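Student: Numbering (full-length UniProt numbering), first residue to last: 1 to 238.
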């Protein structure tokens with residue numbers, strides 16, 4: 001806040017205090033005038049004073065009772081305007097104390113203290129119940145969330161286990177197919193080997209028979225040649 005604003009605030013406060021002083025002085029003069037008017041109109045008032053019967057009137061009272069300096073109560077046609085102004089000028093209730101009085105009246109509870117305490121207890125009890133209900137709902141929500149998360153984790157775990165089982169089954173199936181193919185190839189190889197062996201054996205048998213037949217023919221031919229040679233050498237050997 002600048003110095004100019006501070007000066008303006010001080011000037012405004014002083015002006016307000018002067019205005020309040022003027023208003024208070026005017027109210028005091030009005031109070032005195034109203035008190036004088038009350039005194040002048042007192043003889044015509046029909047309101048009984050304290051300790052008097054309703055039949056007595058202000059006309060029967062001596063004039064000294066209505067003197068301005070008299071300490072006796074001042075009668076009034078209605079509630080004394082002067083007394084109201086005087087009461088308003090008392091400390092804490094005058095023009096300067098108007099704000100304090102208004103604030104106090106505004107803060108004063110309309111209900112009695114017991115009713116106020118009861119209401120406070122009811123509000124506190126309701127707040128505690130609502131807070132407990134809120135915490136209960138939050139706890140239930142957290143529990144439900146944990147259950148959902150646990151179920152999801154269990155589902156994920158079961159899904160992973162199922163996937164692993166499927167993978168294991170697939171691997172087992174592939175291995176079984178591979179073993180079957182190997183066994184089939186082995187059997188086919190054995191069959192082809194047997195066929196080749198049989199063919200070779202047949203070929204050997206045929207060759208052996210041909211050799212034997214050829215050998216027998218050669219022996220016969222050799223015998224014939226030997227006989228021919230023998231006959232040539234010894235014609236009489238035949």
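Glycine included, every Cβ here is placed at the ideal spot set by N, Cα and C.
Note that the structure is a prediction, hence the values are computed from the model and not measured.
Three-state secondary structure (DSSP) at residue 31?
Tutor: Residue state, collapsed to three classes: helix.
Student: Please work out which residues of its chain come closer than 7 Å, Cβ to Cβ, to residue 163, disregarding the five sequence neighbours upstream and downstream, and give them in chain order.
Tutor: So no residue of the chain qualifies.
Student: Counting C-beta neighbours from all protein chains within 10 Å, is the total for residue 121 16 or more, i.e. buried, or is it exposed?
Tutor: Burial call: exposed.
Student: Could you tell me the distance, in whole angstroms, from the CA atom of residue 183 to the CA atom of residue 208?
Tutor: Cα-Cα distance, rounded: 36 Å.
Student: Would you identify the three-state DSSP class for residue 26, choosing helix, strand or coil?
Tutor: Of the three classes helix, strand and coil, the one that applies to residue 26 here is helix, per DSSP.
Student: Take the Cβ of residue 39 as the centre, count every other Cβ of all protein chains shown within 10 Å, and call the residue buried at 16 or more, exposed below.
Tutor: Result: buried.
Student: Would you report the Cα separation of residue 180 and residue 194, rounded to the nearest angstrom?
Tutor: One C-alpha to the other measures close to 21 Å.
Student: If you draw a straight line from the alpha carbon of residue 191 to that of residue 151, how long is it in whole angstroms?
Tutor: Roughly 58 Å separates the two Cα atoms.
Student: Just the Cα atoms here: how many angstroms apart are residue 27 and residue 126?
Tutor: For residue 27 and residue 126, the distance between alpha carbons rounds to 51 Å.
Student: State the DSSP-derived secondary structure class of residue 112, mapped to helix, strand or coil.
Tutor: DSSP places residue 112 in coil when its eight states are reduced to three.
Student: To the nearest angstrom, how far is it from the Cα of residue 22 to the Cα of residue 16?
Tutor: Cα to Cα, residue 22 sits roughly 10 Å from residue 16.
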